[in-house]
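These notes concern the structure reproduced below.
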Amino acid sequence: MLSTMSPHESRAPRTGGVIWQRAVTTTRQARILPDGCTDLIWSSRTGLTIAGPDTTAALADLTAGDRVVGLRFPPGTGPAVFGVPAAELTDQRVPLDALWPAGTVQRLAEDMAEHGGGDLLDRVAEARLATVGGPDPRAEAITRALGEGQSVARTAASLGLTERHLHRASRHLFGYGPKTLARILRMRRALVLVRRGVPAARAAAESGYADQPHLSRDVRALAGVPLKELLS
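When you line the sequence shown up against full-length UniProt numbering, it's residues 1 to 232, in that order.
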């Protein structure tokens, strides 16, 4: 599956996710596109928060002077870290102490405020994953298959599942069914190509869309703005 990282992002060596950081200089809103992932976020203003998987773009309020550090887990890893199905976090922002012991969260918040960075979040998440035997291996297989454009039926068959069981597993791991996940991954695949300079019509075709208008409709539905505005 195609992927890119911004200059403010780096690979998380322990969990395989992405560490990202922002030093906010102006108060504004940021548009966060859906990606099938769950994030653990520390903000100097709001503390530790879980960002659940989004079905459409979320608008995050950024305040000047705030420092934000996040760990974006690979798709399907969040439930193993936080101990709840992803469907319980879909389209939500939840304080970490709603799921983890308050004392644990307070100590982590203090460490982050004093000298912590994304590596600290990565180490804490690694320890949580170790207690449950790691993430569900089906998550990577489902993400890879759907990300490559395989049908839901073929993906289910490759895992030895019925489509009904795949839907149930997908909701648990990603927060929504496989058709929604496939749609999100397809849009992100097309956006990677367009941002690399590939013409939109060609990017649409290579990503599995019927045509460029099909891509444009999906972008508007999932990102909340037209393709040109999203790229500007």
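Quick reminder that beta carbons are idealized off the backbone N, C-alpha and C, glycines included.
Item	Value
Local Cβ density within 10 Å of residue 219, reported as buried at 16 or more and exposed below that	buried
Validate contact between the segment 29-39 and the segment 58-70 using beta carbons, cut 8 Å, 3 pairs	yes
CB of residue 97 within 7 Å of CB of residue 84, strictly	no
Nearest candidate by alpha-carbon position, reference residue 72, set 37, 14, 63, 123	37
For residue 23: DSSP bridge partner residues	67
Residue 29 (DSSP reduced to helix, strand or coil)	strand
Residue environment, residue 70, which counts as buried when at least 16 other CB atoms sit within 10 Å	buried
Beta-carbon separation (whole angstroms), residue 129 vs residue 81, contact threshold 8 Å	6 Å
Same chain, Cβ closer than 6 Å to residue 149, five either side skipped, listed in chain order	208
Ranges of the alpha helix (DSSP H) found wholly within the segment 50-109, counting only runs of at least 4	78-82
Exposure of residue 191, with buried meaning 16 or more beta-carbon neighbours within 10 Å	buried
Residues sharing a beta bridge with residue 39, DSSP	51, 72
Separation of residue 195 from residue 228, as counted between CA atoms	11 Å
Residue range of the unbroken alpha helix (DSSP H) whose run includes residue 123	118-131
Bounding residues of the beta strand (DSSP E) (the contiguous stretch that carries residue 170)	Premise fails: residue 170 lies in the alpha helix (DSSP H), 163-174, not in any beta strand (DSSP E).
Which listed residue (205, 193, 184, 47) has its alpha carbon closest to that of residue 221	184
Residue 4 to residue 193 span [Cα, whole Å]	Since pLDDT at residue 4 reaches only 43, below the 50 mark, its modelled position is unreliable, and the value read off the structure follows with that caveat. So the alpha carbons of these two residues sit roughly 10 Å apart.
Residue 201, buried or exposed, once every other Cβ within 10 Å from all chains shown has been counted against 16	exposed
Residue 232, buried or exposed, once every other Cβ within 10 Å from all chains shown has been counted against 16	exposed
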